[in-house]
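Quick notes on the structure that follows.
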Amino acid sequence: MAITKEIIEYIAMLARLQLDENEKNSMVADISKIISYFDKLKELDTSNINAMEFLVMDEDVFEGALRDDIVGKSYDREDLLHPEEEEGSEYFTVPRVVE
Amino acid sequence: MIEVKPMEYEAVIGLEVHAELSTKSKIFCSCTTEFGGQPNTHCCPICLGMPGTLPVLNRKAVEYAIKAGLATNCTISLFTKQDRKNYFYPDLPKGYQISQYDLPLCKDGYVEIETENGKKKIRINRIHIEEDAGKLVHSEYGNYSFVDYNRTGVPLIEIVSEPDISSAAEAKAYLEKLKAILQFIGVSDCKMEEGSLRADVNISVRPKGSKQLGERTEMKNLNSFRAVYRAIEAEVARQIEVIKSGGVIHRETRRWDDAKGESYPMRSKEDAQDYRYFPEPDLPPLIIKKELIERLKNELPELPDARKQRYISEYGLPEYDAGVLTSSKELSDFFDEAAKVSTNVKAVSNWVMGDMLRILREKNMEIAEIPFSPAYLAKLVALIDKGVINGPTAKKVFEEMFDTGKDPETIVKEQGLEVLNDESVLLEVVERVIQENPNSVADYKKGKKKAIGFLVGQAMKATKGKANPQLINELLIKKLEG
Amino acid sequence: MKLHEYTISQLHDLISKREISVPELTRYMLDRIESLDSKLECYITVTEKQAMEQAEKVQKMIDEGTLNSPLAGIPMGIKDNICTRGIPTTCASKMLSNFVPPYDAHVVKKLYDNGAVLLGKLNMDEFAMGSSTESSHFKKTKNPWDTERVPGGSSGGSAAAVAAGEAIYALGSDTGGSIRQPASFCGCVGLKPTYGLVSRFGLVAYASSFDQIGPLTKTVTDCALVLNAIAGHDPMDLTSSRRQHPDYTKALVNDVKGLKIGLPREFIDDSVQKDIRDAVLNAVKVFSDLGAQCEEISIPIMEYVVPTYYIIALAEASSNLARYDGVKFGYRAANPKDMLDFCMRSRSEGFGTEVKRRILLGTYVLSSGYYDAYYKKALKARTIITREFNKAFEKYDIIIGPVSPTTAYRIGEKINDPVQMYMEDIFTVPVNIAGLPAISIPCGFDSKSLPIGLQIIGKRFDETTVIRAAYTFEQNTDFHKAWPSLNE
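Protein chains in written order, with our numbering: chain E, 1 to 99; chain S, 100 to 581; chain X, 582 to 1069.
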């Protein structure tokens, strides 16, 4: 399937990336090339193959690794706020969001 | 002449209910889940999604979700994983929500509700765990919004029903049942006003009897059971209206404005709903052992339906009363405690459903705030049954208990509220009343038997309500007829 | 011999014998950075003040006898995608140029506990996306062997710093070869541990199911010392293993007799530069002469490893990098029109071209309609590739081959050909796909006197055999002893 400018625009919006015309054009070219290289995978027979195998650990995650429900200390707000927030700010400030 | 019957429509409704789990710490970090707090003080690098941080799943959140599944007759998945739901919103720190996609923790359950046509099963498609998002505060002036991430990462379960609901009333009954169940099993406090229980509603309509589903809309921002009820009524009416006037329903998300009593479509220009779910690589899939499920099953307390059944069979309460008493865990627990030490459960039930709920409403109090133990209510009932106090006095004592938290016996003793049963004292009162009310006496003697009521009232008044009215009645009649 | 040419174990000896103090050594290294780094540009941040304070503190603890680690007082550098509390961690990106983490990565804590002295944060490809360190927003690190050439990447700053003696050792991260390939380009030792051996907490995520932190060192002995310090379970990383890890210095045994070694013929085909093929075949001979049993094997699945790797890695990356929206940390666009504009411009102005390209690709392969054809297919391919490697390991103790089909290339030579760049990861990515451990050690020089790396791949959690083979090779060859001239 050919990568069109419309597709690039669609995924750029999904990814919240703004591209100018030049960038769009070079992305169409590069991504087309890369995707057709990825298309090689289609030759591979993957019927009856488990997709999740790699992520499963051979250890008991539930009993062994999950957290106990214990409250710890939170961080000081000053250490967490964006460096550009004004002195004394209690929040992360963003442009007005219309809901 | 052929009569054309107007087309009738029926609503098809499904609910997506989000309930915050009442763990002490968040789902992926150890920050507190406590409600409130100064903005952004219940936060750490993990719940803010800072670079390099990783989620560590809270075991209790998984256990609570499994319990919710067991209590709603779900099958618990023995292999489950978490997935990333990718979308941008400033209240979502990582740019994705860790949720569950194709392998939810619980699936294929149901709950039973009461409808006007009897019992009805509402099937549950799935229950999965996910993390809550933060909160946006909008400034009153200026072009800013402010983000508070205190709620970010509070564990949630999302309970997705099948579209088995056909009316606003059923939706409300379903929600009330879910709420009762989750409270009974102690996995969520379900406080809608704190946002710990939220519902999104999918609504479509179709000609009655049709098998095909109509296009649906999703209603958001429903902050109370009342809002759910009203929003469904309004949306069903709106959709029928659109179809009747030749229009079509578009799949869209609508936002309910409870003040205006109407909904409007949410802007969806930037939202191609393409969440790009994929397995969360930071959290290995979970293998849920059968022994764990068994243990959690054994930990489940008596559920609302079972308790209701017990009230009916064991206490002989009417089905309606049993239903009201089991509609909330706190109410039911209060009743249970009182009933356990009472010999007159029916009376206890009446007190709970009547005066107690009334006083709570008047005082805007929660059951948890009642300053006396349920056993005191049982004592109050016993005082009446033993004839130590009469009904009207009991009501006064009960009010007093809410104010002071004192034992009813103490109140009765301190204020000398015992019923006057001393015949010699009462005889004096009766004689005085007869003397002072010749007209009523005359009426009575002329055959107006009702006049006795007035005379009893006068006698009660003279004893400040403490007299045993039965005894007064008997003495009066004896005097007047004798 | 100059101080910067010493290994960890040699310096430990000098420090123990009080022949040099930790502050003296640290000062020496800072001075060397000062004089050399304007040329090589390995460091994004040099933490001079903290380093000297740390050096004093560590010396005091050594004097008091409360610190007794082979790493105590040894100056090192850390790749700038590993979080250091109070010290900028930029990922070589404009996006994080203002980011100072309020926490340390697990490995950083461990190194500090061992008395390590941090010299600074090392350059890399932006968000570790690249294999030449050219996509750094800040600077282009030069290869110490030829400053016209790239050091490899993405841990190019780490490899160049170790090779040039601007750090005694360094930490890097390896998602698809990002430790091994620069190690091979710069002629040092670089180990990518088994997935799950080293905690990822504090490593800024690129592709979560591939990323591992590992050491870049001058020798295999140093590699074992650093690995000992950073390996082990971390409750903050659910993918980190809870199994007990061995003492890797016990694997420093000069003996490969009876070791079964597989050499996949796909690793030495015509795509590989001839000098590299020759060096690898020479390595086979070295091992055979020392009593190992070397056999040629075939891993036909190799032609699918690069697409498989990139599809999964970029899908994860597109999601991992969604957190950079200007709201909580990182670059914020000025004068936004509205929220959407704020988010879009913060991202578009904060990320470089290669990062954007990879985010778009990752978004594409996950998007509705393409998910099954690309992402899901690649997950299944991952299962097949992993099984094939595991099958090979039923017969062989290690698999060897080149690290990269080429030696270090010229700066700017390949930057405009992304497909070519991706394809050259072919020998390193299968290791990440299957979560295996692999090391790159010097095994020769090409006709231009550029270093060549030998890759030794082991079974999951069998770093011991990898280290033993690497150590034996090192003890029986001299390649690791060469130093770049640097016109000093």
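Beta carbons are placed, not taken as given, at the ideal position from N, Cα and C, and that holds for glycine.
- For residue 691 of chain X against residue 718 of chain X, the beta-carbon gap comes to about 29 Å, at or over 8 Å, which does not count as contact.
- Using a CB distance below 8 Å, the part of the stretch 765–781 of chain X facing chain E consists of 777, ordered along the chain.
- If the five residues before and after residue 203 of chain S are omitted, its C-beta is found closer than 6 Å to the C-beta atoms of 225, 227, all from its own chain and listed in chain order.
- Linking residue 836 of chain X to residue 769 of chain X through their CA atoms gives a straight-line distance of about 21 Å.
- Between the stretch 81–92 of chain E and the stretch 31–49 of chain E there are fewer than three inter-stretch CB-CB distances shorter than 8 Å, so the stretches are not counted as touching.
- Sequence-distant partners of residue 386 of chain S (beyond 5 residues in either direction) whose C-beta falls short of 8 Å from its own C-beta, in its chain, are 177, 178.
- Residues of the stretch 823–836 of chain X that bring their beta carbon within less than 8 Å of a beta carbon in chain E comprise 823, 824, in sequence order.
- Of all residues in the stretch 60–73 of chain E, the ones placed with a Cβ closer than 8 Å to any Cβ belonging to chain X are 61, 64, 65, 66, 67, in chain order.
- When 7 Å is used as the limit between beta carbons, residue 944 of chain X is near these residues of chain E: 11, 14, 15, in chain order.
- Within the stretch 613–672 of chain X, the complete beta strand (DSSP E) segments at least 3 residues long are 624–627, 656–660, listed from N- to C-terminus.
- Interface annotation, residue 720 of chain X: not in contact with chain E, CB-CB separation never under 9 Å.
- Between the beta-carbon of residue 384 of chain S and that of residue 184 of chain S there is about 17 Å, and that puts the pair past the 8 Å contact cut.
- For a cut-off of 8 Å, the C-beta gap from residue 519 of chain S to residue 548 of chain S is around 24 Å, too long to register as a contact.
- Less than 9 Å separates the beta-carbon of residue 898 of chain X from that of residue 708 of chain X.
- Here the alpha carbons of residue 686 of chain X and residue 782 of chain X stand approximately 5 Å from one another.
- Counting other Cβ atoms within 10 Å of its Cβ, residue 935 of chain X reaches 16 or more and is therefore classed as buried.
- In the structure shown, residue 737 of chain X adopts helical secondary structure according to DSSP, grouped into three states.
- The residue from S:528, S:316, S:171 with its alpha-carbon nearest to that of residue 558 of chain S is S:528.
- The shortest CA-to-CA distance from residue 561 of chain S to any of S:576, S:536, S:509, S:546 is the one to S:536.
- Per DSSP, the unbroken alpha helix (DSSP H) holding residue 810 of chain X starts and ends at 801–811.
- When Cβ-Cβ separations below 9 Å define contact, residue 710 of chain X makes no contact with chain S.
- The residues 112, 212, 214, 219, 221, in chain order, have a CB closer than 8 Å to that of residue 269 of chain S in the same chain once the five nearest residues on each side in sequence are set aside.
- Collapsing the DSSP output to three states places residue 556 of chain S in a helix.
- One Cα belongs to residue 866 of chain X, the other to residue 1037 of chain X, and the distance between them is close to 15 Å.
- Below the 7 Å Cβ cutoff, chain S contributes 243, 245 as neighbours of residue 93 of chain E, in chain order.
- Annotated three-state conformation of residue 793 of chain X is strand, per DSSP.
- In the DSSP assignment, residue 178 of chain S forms a beta bridge with S:386.
- Under the three-state reduction of DSSP output, residue 593 of chain X falls in the helix class.
- Per DSSP, residue 767 of chain X is one residue of the alpha helix (DSSP H) stretching across 761–767.
- CA-to-CA, the gap between residue 670 of chain X and residue 245 of chain S works out to about 26 Å.
- Only exposed fits residue 828 of chain X, as fewer than 16 other CB atoms lie within 10 angstroms of its CB.
- Judged by DSSP in its simplified three-state form, residue 94 of chain E adopts strand.
- DSSP, read as helix, strand or coil, puts residue 227 of chain S in strand.
- Taking 9 Å as the upper bound on Cβ-Cβ separation, chain X lies near residues 144, 145, 147, 148, 149, 150, 151, 152, 153, 154, 155, 156 of the stretch 144–173 of chain S.
- Put simply, the backbone Cα of residue 443 of chain S is about 38 Å away from that of residue 165 of chain S.
- Along the stretch 920–937 of chain X, the positions whose C-beta sits under 7 Å from a C-beta of chain E are 920, 923, 924, 925, 926, 928, 929, 937, read in chain order.
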